[in-house]
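Taken in sequence, the protein lines are chains A and B. Quick note: to get the numbering used here, add 2 to the position in the first sequence (first position is 1). Quick note: to get the numbering used here, add 2 to the position in the second sequence (first position is 1). The beta-carbon is built from N, C-alpha and C at its ideal position, and this holds for glycine as well. No experiment lies behind these values; they were computed from the predicted model shown. Please read the structure below before turning to the comments.
Protein chains: 2
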Amino acid sequence: MGGAAESEARSELPVGVFDSGVGGLTVLRALISDLPHEDFLYLGDTARLPYGTKSAETVARYSVRSAEALVARGIKALVVACNTASSTALPALRERFPRLPVIGVIEPGARAAVDASATGRIAVLATEGTVRGGAYQRAIEALRPDAVVTQIACQIFVALAEEGWSEGPAVDAVAERYLSHLDARVDTVVLGCTHFPLLAGAIARRLGSQRRVVDSAETTARATQRALATQQLARTTRGGRVQLLATDSPERFARVGARFLGGSIAARAVEIIDL
Amino acid sequence: MGGAAESEARSELPVGVFDSGVGGLTVLRALISDLPHEDFLYLGDTARLPYGTKSAETVARYSVRSAEALVARGIKALVVACNTASSTALPALRERFPRLPVIGVIEPGARAAVDASATGRIAVLATEGTVRGGAYQRAIEALRPDAVVTQIACQIFVALAEEGWSEGPAVDAVAERYLSHLDARVDTVVLGCTHFPLLAGAIARRLGSQRRVVDSAETTARATQRALATQQLARTTRGGRVQLLATDSPERFARVGARFLGGSIAARAVEIIDL
Chain A
3 MGGAAESEAR SELPVGVFDS GVGGLTVLRA LISDLPHEDF LYLGDTARLP YGTKSAETVA
63 RYSVRSAEAL VARGIKALVV ACNTASSTAL PALRERFPRL PVIGVIEPGA RAAVDASATG
123 RIAVLATEGT VRGGAYQRAI EALRPDAVVT QIACQIFVAL AEEGWSEGPA VDAVAERYLS
183 HLDARVDTVV LGCTHFPLLA GAIARRLGSQ RRVVDSAETT ARATQRALAT QQLARTTRGG
243 RVQLLATDSP ERFARVGARF LGGSIAARAV EIIDL
Chain B
3 MGGAAESEAR SELPVGVFDS GVGGLTVLRA LISDLPHEDF LYLGDTARLP YGTKSAETVA
63 RYSVRSAEAL VARGIKALVV ACNTASSTAL PALRERFPRL PVIGVIEPGA RAAVDASATG
123 RIAVLATEGT VRGGAYQRAI EALRPDAVVT QIACQIFVAL AEEGWSEGPA VDAVAERYLS
183 HLDARVDTVV LGCTHFPLLA GAIARRLGSQ RRVVDSAETT ARATQRALAT QQLARTTRGG
243 RVQLLATDSP ERFARVGARF LGGSIAARAV EIIDL
C-alpha cells in the first residue's frame, strides 16, 4: 500500500481512549463533543481499578497491556484518560508504540491551570498515585517556573463519584476536610482526577467564587485534535461511532459510567474483554 | 513419612490468611489474640483491590491465585478474611485444595448476628459485591429461617477506613446517608466488610444504643481454632510468628494496615510478591 493510501486507511481508524474505569468517560464526553466526526474505542480496565493507589510499575504494566488490546483492534491514536496512568505510564507506552500518537491528560490539565491562574498559586486535587508521582507539579512548573503548586490527595472523592453522590451533606463534609486548610493565595484548582468533575459543584462551592476550577477534559480534547491534524490522521469521512470495552462487570460500567458520560449506557453495549 | 509424623510436621506450618488488601488485618488481629501459639502468613492482594466492586468470576480467579501462592509457601489452613471472596470464592477454593481447611468470614459473622438478635431483623452492611452475592442473607436464613435480612451496600465506608477517617463530620454524614432509612425494628447490624470495624464507633452512634453491632473477626478466629482442633492441626510447639505479604505498595500497606492491625508495621517487613 502506498504512503497516501496507508495514511488515509489509518485515518479511518478510531481514536483509542483508555482509563482504569469509568472516570475517563468525562474525557470521552469532551472528545465526542469536540471531534464529532471521529470514531472512538474506549477501554475501562474495571477489573483492576483503581490505579490511584497502586505503584508506578504496576500502573505502567497494566497500561501497556490495555494499550496492546486497543492497538490489536486498530487505533490511530491513544488518549490516556486516566490521570494516574498519564502521570506514570506515558514513557512506557511511547516506548512500546513508537509510531502511535499518545496523548495524556496531565500536560493539557497543567496548561489549563496556568492559563487560568493570575497568582501562579495552583492546587492540584488528585488520587494518591498522581500526587505521589508529582507529574502535575512538574508539568505546571515547566510551563510557569515561578508557580507554587500544592497537591492534595483526595481519595474519598473517587468513592463519592463512583457512588453517584455529587451533592449533599456527605460530599460537603468530605470537601470541607480535604480543602479547609488550602492556602488563601491559591487562585486556581485543578481537578486532577477524571472522577472529580462529577463533584465540581460541591468542590467549587467550598473553594469560593474567587477561585477558578479547571479540569483536563476540554484541553485534552483540543490536544487530541491538534495531534490528529499535525499527523494528518483526522477522518476524511463521517464517523461518530463509539464502542465501549471493559475488563469486568458490564452492568456496573453501564450504571456508573452513564453519570460520567452524561447519557445512558446499555449494559449489552459494553463488550467485556480479558487482558 | 508416617501419618503421625506428617500430621505433626503439618501442624508446625503457619495458618494462611488472605484478603484483597489491608482490611483482613482486623481478622488477623483477632486470630493473633485468640491463637497466640500459631504462626500466620498473611497475603493482601493490594495490586488488585478492591474485590468489592468486581464480578464473582474475577474474585474467584484472584482468590485461587492468591491461595496458590500461600499453599506454595506451605500453610496448614486458609482463612479467607475478605467478605467478598468469602461470599463468592469458597467453592472454587475448596475444589482447588480439597485437603486444606478453608474458613470464610461469612458463616461466623452470620452466627454472631443470629446469636445477638432478639427480633430476627438483621441488617448487613457490606460492599457492593458482598450484597450482590447475598451470602450473608443466605447464611443468616440458614441459621434462623424466620430472620428478616436487610442488606445495605456501603462502598464509601471502605474509602473512609482506608483514608484513616474513623471519626468526624464526614464519617457521620456518610453514615447518616447510608443508615437513616433503616427499619426501626432492626436490632442487630453486621459489619460485613473487614474495613468497617474501623468505623464501628460512628456507625454504632448513628444506629443508637438499642441496636447491637457485630463483626466476624472474633467468631472467625474461634471457627479457625475449632477447625485446627478438629483436624489435629493445632501447633504443639510455641510459634507466634507473623509474616506479611502484599502484591503491591509495601509503604501503603504498612501505613494503612497499621490502623487495621492495631500496631505499627514497618514497610521493610512487608514482602512483595507477584501473582
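So, with DSSP's three-state summary, where would you put residue i?
{"i": "residue 189 of chain B", "result": "coil"}
{"i": "residue 153 of chain B", "result": "strand"}
{"i": "residue 214 of chain A", "result": "strand"}
{"i": "residue 236 of chain B", "result": "coil"}
{"i": "residue 36 of chain A", "result": "helix"}
{"i": "residue 107 of chain A", "result": "coil"}
{"i": "residue 276 of chain B", "result": "coil"}
{"i": "residue 44 of chain A", "result": "strand"}
{"i": "residue 99 of chain A", "result": "coil"}
{"i": "residue 3 of chain B", "result": "Confidence is the limiting factor: at residue 3 of chain B the pLDDT is only 49, short of 50, which leaves the residue's position unreliable and the question unanswerable from this model."}
{"i": "residue 158 of chain B", "result": "helix"}
{"i": "residue 203 of chain B", "result": "helix"}
{"i": "residue 18 of chain B", "result": "strand"}
{"i": "residue 246 of chain A", "result": "strand"}
{"i": "residue 184 of chain A", "result": "coil"}
{"i": "residue 80 of chain B", "result": "strand"}
Between residue i and residue j, what straight-line distance do the alpha-carbon atoms span, to the nearest angstrom?
{"i": "residue 144 of chain A", "j": "residue 108 of chain A", "result": "12 Å"}
{"i": "residue 276 of chain B", "j": "residue 135 of chain A", "result": "22 Å"}
{"i": "residue 62 of chain B", "j": "residue 49 of chain A", "result": "12 Å"}
{"i": "residue 46 of chain B", "j": "residue 55 of chain A", "result": "14 Å"}
{"i": "residue 180 of chain B", "j": "residue 139 of chain B", "result": "19 Å"}
{"i": "residue 187 of chain B", "j": "residue 67 of chain B", "result": "42 Å"}
{"i": "residue 88 of chain B", "j": "residue 223 of chain A", "result": "43 Å"}
{"i": "residue 129 of chain A", "j": "residue 22 of chain A", "result": "12 Å"}
{"i": "residue 24 of chain A", "j": "residue 167 of chain A", "result": "15 Å"}
{"i": "residue 16 of chain A", "j": "residue 268 of chain B", "result": "48 Å"}
{"i": "residue 171 of chain A", "j": "residue 102 of chain B", "result": "48 Å"}
{"i": "residue 245 of chain B", "j": "residue 43 of chain B", "result": "5 Å"}
{"i": "residue 241 of chain B", "j": "residue 115 of chain B", "result": "32 Å"}
Residue i: buried (16+ other C-beta within 10 angstroms of its C-beta) or exposed?
{"i": "residue 211 of chain A", "result": "exposed"}
{"i": "residue 117 of chain B", "result": "exposed"}
{"i": "residue 232 of chain A", "result": "exposed"}
{"i": "residue 234 of chain A", "result": "exposed"}
{"i": "residue 113 of chain A", "result": "buried"}
{"i": "residue 40 of chain B", "result": "buried"}
{"i": "residue 185 of chain A", "result": "exposed"}
{"i": "residue 6 of chain B", "result": "exposed"}
{"i": "residue 203 of chain B", "result": "exposed"}
{"i": "residue 208 of chain A", "result": "buried"}
{"i": "residue 182 of chain A", "result": "exposed"}
Could you tell me if the beta carbon of residue i falls within a distance shorter than 6 Å of some heavy atom in the ligand GDP?
{"i": "residue 95 of chain B", "result": "Among the components modelled here there is no ligand, and therefore nothing to report on the ligand GDP."}
Hey, does residue i have any beta-carbon neighbour from chain B nearer than 7 Å?
{"i": "residue 93 of chain A", "result": "no"}
{"i": "residue 154 of chain A", "result": "no"}
{"i": "residue 22 of chain A", "result": "no"}
{"i": "residue 251 of chain A", "result": "yes"}
{"i": "residue 8 of chain A", "result": "no"}
{"i": "residue 165 of chain A", "result": "yes"}
{"i": "residue 179 of chain A", "result": "yes"}
{"i": "residue 161 of chain A", "result": "yes"}
{"i": "residue 275 of chain A", "result": "no"}
{"i": "residue 205 of chain A", "result": "no"}
{"i": "residue 34 of chain A", "result": "no"}
{"i": "residue 157 of chain A", "result": "yes"}
Strictly under 7 Å for the Cβ-Cβ distance: is residue i near chain A by that measure?
{"i": "residue 50 of chain B", "result": "yes"}
{"i": "residue 171 of chain B", "result": "yes"}
{"i": "residue 61 of chain B", "result": "no"}
{"i": "residue 78 of chain B", "result": "no"}
{"i": "residue 248 of chain B", "result": "no"}
{"i": "residue 182 of chain B", "result": "no"}
{"i": "residue 176 of chain B", "result": "yes"}
{"i": "residue 2 of chain B", "result": "Residue numbering for chain B in the displayed model covers 3 to 277; residue 2 of chain B lies beyond these limits and cannot be assessed."}
{"i": "residue 268 of chain B", "result": "no"}
Measure how close the beta-carbons of residue i and residue j come, nearest whole angstrom, since I'm counting them as under 8 Å.
{"i": "residue 192 of chain B", "j": "residue 213 of chain B", "result": "Contact doesn't hold; Cβ gap of about 11 Å is too wide."}
{"i": "residue 126 of chain B", "j": "residue 81 of chain B", "result": "In fact, because the Cβ distance is near 20 Å, the residues do not count as touching under 8 Å."}
{"i": "residue 226 of chain A", "j": "residue 77 of chain A", "result": "Contact flag wrong, Cβ pair sits at about 12 Å."}
{"i": "residue 14 of chain A", "j": "residue 237 of chain A", "result": "6 Å"}
{"i": "residue 262 of chain A", "j": "residue 198 of chain A", "result": "Not really, about 11 Å apart at Cβ, beyond 8 Å."}
{"i": "residue 91 of chain B", "j": "residue 119 of chain B", "result": "Incorrect: roughly 27 Å between the Cβ atoms, too far for contact."}
{"i": "residue 86 of chain A", "j": "residue 131 of chain A", "result": "4 Å"}
{"i": "residue 216 of chain A", "j": "residue 248 of chain A", "result": "28 Å between Cβ atoms; not a contact."}
{"i": "residue 141 of chain A", "j": "residue 122 of chain A", "result": "About 14 Å; that fails the 8 Å criterion."}
{"i": "residue 230 of chain B", "j": "residue 79 of chain B", "result": "6 Å"}
{"i": "residue 32 of chain A", "j": "residue 169 of chain A", "result": "The pair is not a contact, with the Cβ atoms about 22 Å apart (cut-off 8 Å)."}
{"i": "residue 164 of chain B", "j": "residue 19 of chain B", "result": "With a Cβ gap of about 19 Å, residue 164 of chain B and residue 19 of chain B do not count as contacting."}
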